[in-house]
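Colleague: Have a look at this one.
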Amino acid sequence: MELSKNYIPNEVEAKWYQHWLDKNYFSSKPDGREPYTVVIPPPNVTGVLHMGHCLNNTIQDILVRRARMHGKNACWVPGTDHASIATEAKVVAMLRERGITKSSLSRDEFLAYAFEWKEKYGGIILQQLKKIGCSLDWDRTSFTMDPDYYQSVIKVFIDLYNKGSIYRGKRMINWDVRAKTALSDEEVIRKETKQKLYYLKYKLVHADGSHTGEHITIATVRPETIMGDTAICVNPADDRYKHLHGKFALVPLINRRIPIITDEYVTMDFGTGALKVTPAHDMNDNQLGQKHGLDVVDILNEDGTLNSAAEIYVGLDRFEARKKIAVQLEEEGYLEKTEEYTSEVGYSERTDAVVEPRLSLQWWVSMKDLAAPALSAVMDEEINFHPAKFKNLYRHWMENIKDWCISRQLWWGHRIPAYYAPDGSFAVAASKEEAFEQLKAQQPSLHIDELKQDDDCLDTWFSSWLWPFEVFKGLSEPGNAEIKYYYPTNTLVTAPEIIFFWVARMIMAGYEYMDVKPFRDVYFTGIVRDKQGRKMSKSLGNSPDLLALIDQYGADAVRFGIMIASPAGNDILFDEASLEQGRNFNNKLWNALKLLKMWEGRGVSRQPAAGKEEGNQPSAQHDPQNNFAITWFANRLNRVKAEVDEMMQQFRLSEALKTIYSLVWDDFCSWYLEWIKPGFEQPIDGHVYDQTVGYFEELMEILHPFMPFISEEIYHLLRNNNDDLCVKQSQPIDPADPSVLAAGELLKQVISALRDARNKNQVKPKDAIKLHIQPHAKENYVPIENILLKQVNAESISYTDHTIANTIVVAVEKDKFYIETEKQLDTTALKAELLKDLEHQRRFLESVAKKLGNERFVQNAKPEVIELERKKQADAEARIKTIEESLQNLG
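First residue of the sequence shown? That's 1 in UniProt numbering, and the numbers climb one at a time after it.
Structure below.
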């Protein structure tokens, strides 16, 4: 079969993905096997694939594919989140293009357009996941607004309300003035923002309103909110202001009288040490206001314009008002000075509008009781975090948990099941009819048509916290066969920035509604950043087009590139060079395949040892050289399989890939294939060839979860395999023989040292050499003489203690080698090289001896660590002795 010069991923990937789908390999049904269940963190229905998705879903695919190959019933559930704010914004934009405003539509008309948009664009990201090879069970695709799921969300709301865990109250929230809705904390992006710090003079007055002739200076970045001030606060210990305790000040421009209060909350060394208190427009000010019983003056409309309570600039946008007020303050002598000032400002993740703290009547979940079992589960390691460092972050948040604002002023989403009578009383129920039955007991004259359902929708997280069990209809069909089999799930892969907003809440919901944890392990990915360390984002323009990268490099290379630098929980500095490394790895594998096919094309000898006249090579069974290479690689393969298995169990995926990469690139391609390479124009021994093909297949097997496409392709090109790697069952791992591995490492060291010595002494590969080895090492080298001869281009090997003239002396561990060459050696250069090496070895020996002489180190170190240090000491001593003898030989 003619293979292309280089591996062409685009020709392979679509073919194999369709083949796997046709074979139903990703489909899962309950059976007698152990389940391995993963639910996808549902991407927004508005989403398109980016580097964060690539990392997260590649990790999930690796875990799922590996579980499938280990005989487990792997079930990876796909789906999307309805994404209230993002989707509503997309629909509003679509309507605007059609000349339609949201305000001109009824709720039902708007939702009809929303579902139209969702049907047309809502599944794009799931289709894109196929491009990177994700082995999801597509028959199970869920959506957070599927009918059964919708009803389960409403059921949970009603249940928690009836338990007293959900209540309605007016409190401070994050407000998006553009989307005109409340936001959760995770939907607020904190950005360093350059602003101006305005120093404003507030005139002081007596209790009767007469001026004292003094003023107090306040520093603020938000002069447009002064009309909402209801107090000035100073630290009680601040000597500068002790004479003002209990006095009053006038708000500039509107001259409202406000009290001067004291509280230790105020920092004396920030600004002027005096704080304007605006309870309606600052979270901390609101708490101060509640503590001191201050008035609340809300000066902003829901769209960020000033309302009538502001008294001035009514109807003007808050930032336009800031400009005009700053000018007026200066003109009327209230502005003392301004300074450049940089601080963090909250922006809406969805609209990029500056978020406004706002007092608002919203629905809340009381969290303390729900949080208790969820905290214990993680701290007691019933649920394991990887890496474990996130446990402390989780504990801190859970121990200081705040109530959860769950209402959103949107139409797209799960509508709050609260129904209001004309007098403002309400009932929470699954239907208008049920609510009416509850209300009419207190209001006999009430008519059902008078009831009005709450306009708000629920926070998106209020639906996604049910995800691990409701994708199996655990709440809508309690106790069904699938929830019993697949739940709790095994592994959740997610980003640490949603540890509180999603992970913690899923754990709470799992214990509240299933009486058991939702998953066993949580693997936290890092954030994908650019080479400058900046988080990738559309606004920065530093987020590459992932689909274009897949087209350019291939899905396997992209998977390799993102995983090779992705230790759990640590951020990834994405560099396209890692994708090039992945592509080079593909080509390395491809070239190894081509080499085997070339040997196969020359002919494979399957005769036992026959005479030369028959033109056959001796069988490998009778060739100790090939036997050693085969035995060594079998043991090396088993050792790596065991290492990878341990790493995968510990979720050290990046390390596992690096280990596989090294095994393939170095041990298989650079060493093993060289050692078994047949002579020029000679056929390859049949036993050697079969073993090598078998090893190559095993390499593709352990590589498959990481790079599924090329591994499947090569597996089928190696020979006529009827099974598919995707579902090939891994076999038990045989223990590796340490003595064989040590012999192989020694052989590599000797070959490298001898090649290095040839190069340093300018003995070209074509220059004839003879190799002499000390007799005590003979038993180590007789089995591998032919490999050694071939690898260092030596004519012969002999075993002697005699000093041989005109030789290069090489020491490897305790063995000494003499390279005899007809080329006249530069003894001066050789001597200088040996002296340099001697100095290095002596310094190294000194450092090892110092470590072993440290009583604390010897007492505390593990025995195997001490043993390793002692071996280093013995090797260095032997090396020094050899160098000294070599220098004596040179005179």
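Heads up, the beta-carbon is just placed ideally off N, CA and C, and yes, glycines get one too.
These figures come from a predicted structure and were not determined experimentally.
Using a Cβ-Cβ cut-off of 6 angstroms (strictly less than) and excluding sequence neighbours within five positions of Gly52, which residues of its own chain qualify?
Modeller: For Gly52, where only same-chain residues beyond five positions count, the Cβ hits under 6 angstroms are Val528.
Colleague: Leu335 lies in the beta strand (DSSP E); which residues open and close that run?
Modeller: Leu335 to Ser348
Colleague: Label Met563 either buried or exposed according to how many other C-beta atoms from any shown protein chain fall within 10 Å of its C-beta, with 16 as the threshold for buried.
Modeller: Counting Cβ neighbours within 10 Å, Met563 comes out buried, since at least 16 surround it.
Colleague: In whole angstroms, what is the alpha-carbon distance linking Gln650 and Thr525?
Modeller: 14 angstroms
Colleague: What residue does the beta strand (DSSP E) around Thr525 start on, and which one ends it?
Modeller: Unbroken run through Thr525: none, as it is neither H nor E.
Colleague: Residues in its own chain within less than 7 angstroms of Ser464 by CB, not counting five upstream and five downstream?
Modeller: Pro42, Asp81, Thr144 and Trp502
Colleague: In the DSSP output, which residue or residues are listed as bridge partners for Glu820?
Modeller: Lys770 and Thr807
Colleague: Just reading off the beta strand (DSSP E) that Tyr167 is part of, what are its end residues?
Modeller: Ile166 to Asp176
Colleague: Starting from Asn490, trace the beta strand (DSSP E) both ways and give me its first and last residue.
Modeller: For Asn490, the uninterrupted beta strand (DSSP E) segment begins and ends at Thr489 to Thr494.
Colleague: When DSSP builds the beta bridges, which residues end up paired with Ile189?
Modeller: Tyr347
Colleague: Say whether the segment 1-8 touches the segment 449-458, bearing in mind that this needs 3 or more beta-carbon pairs closer than 8 angstroms, one atom from each stretch.
Modeller: no
Colleague: Glu356 by DSSP, collapsed to three states: which one?
Modeller: strand
Colleague: Based on the DSSP secondary-structure assignment, which residues constitute the bridge partners of Lys452?
Modeller: Beta-bridge partners of Lys452 (DSSP): Tyr420.
Colleague: Going by other Cβ atoms of all chains shown within 10 Å of its Cβ, with 16 needed for buried, is Leu361 buried or exposed?
Modeller: Leu361 is exposed by the Cβ-count criterion.
Colleague: Tell me which same chain residues have a C-beta within less than 8 angstroms of the C-beta of Glu613, skipping the five on either side of it?
Modeller: Reliability of the predicted coordinates at Glu613 is poor, the pLDDT of 39 falling under 50, and no value is obtained from them.
Colleague: With a threshold of 8 angstroms, are at least 3 pairs of Cβ atoms found where one atom belongs to the segment 246-253 and the other to the segment 202-219?
Modeller: Touching, yes.
Colleague: Could you check whether the segment 153-165 touches the segment 409-420, counting it as contact only if at least three pairs of C-beta atoms, one from each stretch, sit closer than 8 angstroms?
Modeller: Under the 8 angstroms Cβ criterion, the segment 153-165 counts as touching the segment 409-420, having at least three qualifying pairs.
Colleague: Is the segment 5-19 close to the segment 90-102, with three or more CB pairs under 8 angstroms?
Modeller: Contact annotation: the segment 5-19 does not touch the segment 90-102, with fewer than three C-beta pairs closer than 8 angstroms.
Colleague: Give me, in chain order, the residues of the same chain whose beta-carbon lies closer than 7 angstroms to that of Glu674; leave out the 5 immediate sequence neighbours on both sides.
Modeller: Gln791
Colleague: Taking the alpha-carbon positions, what's the Gln682 to Arg602 distance?
Modeller: 7 angstroms
Colleague: Since Val558 contacts Gly582 with CB under 8 angstroms, what's their CB separation in whole angstroms?
Modeller: Right, the Cβ-Cβ distance comes to about 7 angstroms (below 8 angstroms), so this counts as a contact.
Colleague: Taking the straight line between their C-alpha atoms, what separation do you get for Ala353 and His281?
Modeller: The alpha-carbon atoms of Ala353 and His281 are separated by roughly 16 angstroms.
Colleague: The beta strand (DSSP E) with Asn384 in it runs from where to where?
Modeller: For Asn384, the enclosing beta strand (DSSP E) stretches over residues Asn384 to His386.
Colleague: If we ignore side chains and look at the alpha-carbon of each, how far apart do Gly333 and Asn255 end up?
Modeller: 14 angstroms
Colleague: So for His211, helix, strand or coil by DSSP?
Modeller: strand
Colleague: Given Arg719, which residues of its chain have a CB within under 7 angstroms of its CB, disregarding the five upstream and five downstream residues?
Modeller: Beyond the five residues adjoining it in sequence on each side, Arg719 comes within less than 7 angstroms, by CB distance, of Val693 in the same chain, given in chain order.
Colleague: Mind reading off the beta-carbon distance from Pro705 to Arg33? Whole number of angstroms is fine, and I expect it under 8 angstroms.
Modeller: Rounded, the Cβ-Cβ distance is 18 angstroms, inconsistent with contact.
Colleague: Determine which residues share a DSSP beta bridge with Pro35 and list them.
Modeller: Asn73
Colleague: Can you give me the C-alpha to C-alpha distance between Arg856 and Asp875, rounded to a whole angstrom?
Modeller: In a straight line, the C-alpha of Arg856 is about 24 angstroms away from that of Asp875.
Colleague: With DSSP collapsed to three states, give me the class of Lys440.
Modeller: Assignment of Lys440 by DSSP, reduced to helix, strand and coil, places it in the coil class.
Colleague: If I measure Cβ to Cβ from Arg68 and keep anything under 6 angstroms in the same chain, skipping five residues before and after, which residues do I get?
Modeller: So the qualifying residues of the chain are Ala74.
Colleague: Name the DSSP beta bridge partners of Arg408, please?
Modeller: Cys457.
Colleague: Considering Cα atoms alone, identify which of His447, Asp403 and Gly554 is closest to Tyr167.
Modeller: Asp403
Colleague: Restricting to runs no shorter than 3 residues, where is the beta strand (DSSP E) found entirely within the segment 737-804?
Modeller: 769-773 and 796-799
Colleague: Could you round the C-beta distance between Thr489 and Val64 to whole angstroms and report it? I think they count as a contact, below 8 angstroms.
Modeller: Actually they do not touch by this definition, with Cβ atoms about 11 angstroms apart.
Colleague: Of the residues Pro496, Leu275 and Leu451, which one's Cα is nearest the Cα of Val428?
Modeller: Taking the Cα of Val428 as reference, the smallest distance to any Cα among Pro496, Leu275 and Leu451 is reached at Leu451.
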